[in-house]
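Quick note: the sequence shown, position 369, residue 369 per our numbering, numbers continuous.
Even glycine gets a Cβ: it sits at the ideal position worked out from N, Cα and C.
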Amino acid sequence: METMSSLISRIGEELRSPELAERIKKIFEKAGIPWDLNPTDLDINRFEAVANSMIEELDPSEGRLVYGKLLEKLRECGSRLPEILEEKVFPEKLPPEKRKESFGEIVLHVDPEEAAEEAKRCLRCRNPRCVEACPLHFPVPSFLKLTAEKKFDNACRIFLSLIPTPATCSRICIGYCEEACTLNQLAGKPVKIRNVKRAISEVTDASENLPKPRPHTGLKIAVVGSGPAGLTAAYHLRLLGHYVTVFEASDRIGGMLIDAIPEFRLPSRVVEKELELLRILGIEFKPKTLIGRDLMIDDLFNQGYHAIFIATGGGEPLVPKIPGLELKGVHMALDLLRKVKRGEHVDISGKVWVIGGGDVAMDVARTALRLGVEEVKIMYRRSRREMPADEKEIDATLEEGIEIVFLTQPIELIGEEGRLKKIKCVKMRLGEPGPDGRRVPIPIPGSEFEVDADHVIFAIGGRPSTKWIREEDGIELTGRGLIKVDEKLATSRPGVFAGGDVVRGLSTYTIATADGIKAAKEIDRYLRAQRYSKTTIT
1 METMSSLISR
11 IGEELRSPEL
21 AERIKKIFEK
31 AGIPWDLNPT
41 DLDINRFEAV
51 ANSMIEELDP
61 SEGRLVYGKL
71 LEKLRECGSR
81 LPEILEEKVF
91 PEKLPPEKRK
101 ESFGEIVLHV
111 DPEEAAEEAK
121 RCLRCRNPRC
131 VEACPLHFPV
141 PSFLKLTAEK
151 KFDNACRIFL
161 SLIPTPATCS
171 RICIGYCEEA
181 CTLNQLAGKP
191 VKIRNVKRAI
201 SEVTDASENL
211 PKPRPHTGLK
221 IAVVGSGPAG
231 LTAAYHLRLL
241 GHYVTVFEAS
251 DRIGGMLIDA
261 IPEFRLPSRV
271 VEKELELLRI
281 LGIEFKPKTL
291 IGRDLMIDDL
301 FNQGYHAIFI
311 ATGGGEPLVP
321 KIPGLELKGV
331 HMALDLLRKV
341 KRGEHVDISG
351 KVWVIGGGDV
361 AMDVARTALR
371 LGVEEVKIMY
381 RRSRREMPAD
391 EKEIDATLEE
401 GIEIVFLTQP
411 IELIGEEGRL
421 KKIKCVKMRL
431 GEPGPDGRRV
441 PIPIPGSEFE
451 VDADHVIFAI
461 GGRPSTKWIR
471 EEDGIELTGR
481 GLIKVDEKLA
491 TSRPGVFAGG
501 DVVRGLSTYT
511 IATADGIKAA
521 KEIDRYLRAQ
531 RYSKTTIT
């Protein structure tokens with residue numbers, strides 16, 4: 001009869017590495033697997049210890065090799081474990097050839113039954129890397145366990161204990177948890193946590209699973225900005241019993257979620273439905289109110305607000321410093337995306353180049369394709385490995401036939417009679433890693449060349465605008481023009497807190513959301529301490 005001992009010996013022989021074979025034995029010993037165990041009895045609970053020991057004891061390439069060989073041998077023995085670990089959820093998607101015909105959402109549906117089977121792939125790691133990697137520290141194993149048991153409403157309540165936007169999260173989170181998943185480390189096939197979240201958001205009614213707010217405290221908080229950080233802070237402050245008013249400069253509530261992310265990725269109806277959850281809780285929204293123009297910080301305190309949370313985001317596009325920006329046919333990605341999202345006419349046609357490598361670059365390239373341009377290509381100065389865009393979005397971009405030209409940078413825009421005609425470029429090579437860990441792009445002398453272009457769209461990042469903050473507001477800024485905060489997200493003015501992109505610079509939906517959660521807790525502590533000490537906030 002085959003035992004784990006004999007199976008491991010066969011793996012060692014096939015790998016032709018006595019040293020590696022010995023390390024594999026130690027991994028199984030560390031995991032507490034009996035040598036006389038029948039391989040068919042190695043269930044997912046026992047396998048968790050083996051898998052995590054592989055990650056700890058082997059380098060990534062060795063881990064993938066050993067994992068693959070182990071599953072191969074287990075399959076030969078008739079074990080069901082390899083089948084359990086195979087991916088189970090396959091969302092219904094709009095075919096690539098149909099996508100450019102409309103702005104309809106690409107992922108049409110995620111089957112909840114498939115999601116429940118996918119959730120069973122989770123190893124329930126004792127020290128879950130997925131939780132540690134997520135800025136929200138989302139309790140992934142508990143969420144997946146409830147989903148696997150088809151306790152969908154309970155899974156939804158876990159979601160709503162953290163954020164008010166589960167349907168949004170499942171669509172635009174970049175998947176820190178999946179990147180860290182043990183199965184991703186060993187096989188490149190993580191539990192598809194985002195798909196499971198999407199299924200839960202579709203199969204449940206969030207309005208029926210909302211937490212109940214605590215009794216009213218009588219305290220009022222003003223939230224400035226209605227993006228991820230602002231909405232999440234407002235949600236938790238309301239659950240803590242406070243009155244909350246959200247001020248938004250735009251005529252639409254939702255910040256970048258409603259104003260710039262394309263419909264094919266995040267439909268407006270999804271955001272609107274989740275905003276309704278906040279209204280159900282009693283949160284008040286005041287659109288078309290620009291703090292710093294219509295109302296000042298002092299005005300908010302004078303109106304009886306006890307604390308203020310600034311979450312105005314980073315929606316001001318970065319503009320490159322190259323000749324030719326004044327030419328017709330030059331666009332900034334965020335401006336173009338906003339116009340399209342609002343249904344405004346955009347004059348764009350012919351050959352289009354998008355400059356950048358983040359999610360916004362992918363979004364605007366795919367948007368241009370749907371606007372019917374002749375050709376759209378992306379130019380990025382590093383390699384794919386360094387691209388900050390979500391891998392899922394890069395793959396979708398390539399699926400739609402959009403070419404990405406790597407290691408290339410524009411250095412001049414060339415026009416005729418005031419209109420863009422060509423882009424002068426230079427080839428790049430990668431140097432040593434910079435402060436962000438990515439290798440620094442370096443121009444290659446003598447490699448300059450030109451490409452034809454009717455339009456160019458720059459998607460090279462964004463930054464927050466803090467020009468509205470006056471000296472008399474008492475809010476200190478950093479050298480980068482961001483709002484300076486301490487570890488509690490408190491600014492230099494008592495009672496004023498800030499979070500998200502206006503503090504960090506351009507980050508992600510999930511990081512901004514995490515700031516919203518933290519800000520709500522810190523503001524609540526601050527207000528309760530102020531009430532206890534009977535100190536007036538001014």
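DSSP state of residue 531 mapped onto helix, strand, coil: Position 531 of the sequence shown, counted from the first residue, corresponds to residue 531. If DSSP states are grouped into helix, strand and coil, residue 531 belongs with the helices.
Alpha-carbon spacing of residue 162 relative to residue 138, whole angstroms: Reading the sequence shown from its first residue, position 162 is the one you call residue 162. Reading the sequence shown from its first residue, position 138 is the one you call residue 138. Straight-line Cα distance between these residues: approximately 8 Å.
With DSSP as the reference, identify every bridge partner of residue 403, one or two as the case may be. On the sequence shown, position 403 is the one that residue 403 refers to. Beta-bridge pairing links residue 403 to 377.
Expressed to the nearest angstrom, what Euclidean distance is found between the alpha-carbon atoms of residue 474 and residue 527? Position 474 of the sequence shown holds residue 474. Position 527 of the sequence shown holds residue 527. Taking the straight line joining both Cα atoms gives about 19 Å.
Sheet register partners of residue 458 (DSSP bridge): One-based indexing of the sequence shown puts residue 458 at position 458. Partner(s): 332 and 355.
Sorted by chain position, which residues of the same chain lie with C-beta nearer than 6 Å to residue 538's C-beta, five sequence neighbours on each side aside? Position 538 of the sequence shown holds residue 538. Confidence is the limiting factor: at residue 538 the pLDDT is only 49, short of 50, which leaves the residue's position unreliable, though a coordinate-based value still follows. For residue 538, where only same-chain residues beyond five positions count, there are no Cβ hits under 6 Å.
Could you compute how far the alpha carbon of residue 394 sits from the alpha carbon of residue 13? For the purposes of this step, residue 394 is taken as residue 394 along the sequence shown, with counting starting at 1. For the purposes of this step, residue 13 is taken as residue 13 along the sequence shown, with counting starting at 1. When the Cα atoms are used, residue 394 and residue 13 turn out to be separated by approximately 40 Å.
Which residues share a DSSP beta bridge with residue 449? Residue mapping note: residue 449 aligns to position 449 of the sequence shown, counting from 1. Residue 449 pairs with 425.
Just tell me which of 213, 283, 342 and 112 has its CA closest to the CA of residue 260. Walking along the sequence shown from the start, residue 260 turns up at place 260. Among 213, 283, 342 and 112, the Cα nearest to that of residue 260 is on 342.
Check whether residue 371 and residue 402 have beta carbons under 9 Å apart: As a working note, residue 371 is residue 371 in the sequence shown. As a working note, residue 402 is residue 402 in the sequence shown. No, the Cβ-Cβ distance between residue 371 and residue 402 is not below 9 Å.
Here's a check: name, in chain order, each residue in its chain whose Cβ is nearer than 8 Å to the Cβ of residue 263, leaving out the five neighbours to either side. Here residue 263 refers to the residue found at position 263 of the sequence shown. Closer than 8 Å at Cβ, skipping near neighbours: 103, 104, 105 and 341.
Which term fits residue 76, buried or exposed, when burial requires 16 or more other beta carbons within 10 angstroms of its beta carbon? Position 76 of the sequence shown, counting from 1, holds the residue named residue 76. Looking at its Cβ environment, which holds fewer than 16 other Cβ atoms inside 10 Å, residue 76 is exposed.
Look at the alpha carbon of residue 397 and the alpha carbon of residue 431, and state the distance between them as a whole number of angstroms. Here residue 397 is taken as the residue at index 397 of the sequence shown, counted from 1. Here residue 431 is taken as the residue at index 431 of the sequence shown, counted from 1. Cα-Cα distance, rounded: 27 Å.
Determine the burial state of residue 353: buried for a count of at least 16 other Cβ atoms within 10 Å of its Cβ, exposed for fewer. Taking the first residue of the sequence shown as 1, we reach residue 353 at position 353. Label assigned to residue 353: buried.
Residue 230, enclosing alpha helix (DSSP H) - first and last residue: Numbered from 1 along the sequence shown, position 230 holds the residue referred to as residue 230. Its alpha helix (DSSP H) spans residues 228–239.
Exposed or buried, what is residue 303 when buried is set at 16 or more other beta-carbons lying within 10 Å of its beta-carbon? Counting from 1 along the sequence shown, the entry for residue 303 is found at position 303. Exposed: under 16 other Cβ atoms inside 10 Å.
Helix, strand or coil for residue 89 per DSSP? Within the sequence shown, residue 89 is the residue found at index 89, counting from 1. Coil.
Secondary structure at residue 101, three-state DSSP: helix, strand or coil? In the sequence shown, residue 101 corresponds to position 101, counting from 1. In this structure, residue 101 counts as coil in the three-state DSSP scheme.
Beta-carbon gap between residue 11 and residue 69 smaller than 9 Å: Position 11 of the sequence shown, counted from the first residue, corresponds to residue 11. Position 69 of the sequence shown, counted from the first residue, corresponds to residue 69. Yes. Within cutoff.
What residue range is occupied by the uninterrupted beta strand (DSSP E) comprising residue 439? Translated into positions along the sequence shown, residue 439 becomes position 439. Residue 439 -> beta strand (DSSP E) spans 439–443.
Please look up how many angstroms separate the CB atoms of residue 510 and residue 67, rounded, as I've assumed it's under 8 Å. Counting from one through the sequence shown, the residue named residue 510 turns up at place 510. Counting from one through the sequence shown, the residue named residue 67 turns up at place 67. Between residue 67 and residue 510 the Cβ distance is about 28 Å, and since that is not below 8 Å, they are no contact.
Is residue 149 helix, strand or coil by DSSP? On the sequence shown, residue 149 is found 149 positions in, with the first residue counted as 1. If DSSP states are grouped into helix, strand and coil, residue 149 belongs with coil.
Is the region 191–201 touching the region 150–164 in the sense that three or more CB pairs, one from each, lie closer than 8 Å? yes
Taking only the alpha-carbon atoms, compute the straight-line gap between residue 320 and residue 458 and give it to the nearest angstrom. Taking the first residue of the sequence shown as position 1, residue 320 is located at position 320. Taking the first residue of the sequence shown as position 1, residue 458 is located at position 458. Whole-angstrom Cα-Cα distance: 8 Å.
DSSP three-state call for residue 66: helix, strand or coil? Position 66 of the sequence shown, counted from the first residue, corresponds to residue 66. Three-state result, residue 66: helix.
Compare the beta carbon distance of residue 423 and residue 414 with 9 Å and say whether it is the shorter of the two. The residue labelled residue 423 in the question sits at position 423 within the sequence shown. The residue labelled residue 414 in the question sits at position 414 within the sequence shown. The answer is yes: Cβ separation under 9 Å.
Alpha-carbon spacing of residue 63 relative to residue 132, whole angstroms: Start at 1 with the first residue of the sequence shown, and residue 63 comes out as number 63. Start at 1 with the first residue of the sequence shown, and residue 132 comes out as number 132. When rounded, the distance between both Cα atoms is 21 Å.
Going straight from the alpha carbon of residue 417 to that of residue 326, what length do you get? Translated into positions along the sequence shown, residue 417 becomes position 417. Translated into positions along the sequence shown, residue 326 becomes position 326. Each residue's Cα considered, the two are about 12 Å apart.
As an exercise, report each continuous alpha helix (DSSP H) stretch of at least 4 residues that is fully enclosed by the region 259–345, in chain order. 268–280, 297–302 and 333–341
Assigned exposure category for residue 182 - 16 Cβ within 10 Å defines buried: Translated into the one-based positions of the sequence shown, residue 182 becomes position 182. Under this definition residue 182 is a buried residue.
Can we say the region 330–339 touches the region 431–446, given the rule of at least three CB pairs closer than 8 Å? no
On a Cα-Cα basis, can you pick out the residue from 117, 34, 471 and 240 that is closest to residue 296? Your numbering for residue 296 matches position 296 in the sequence shown. Nearest C-alpha to residue 296: 471.
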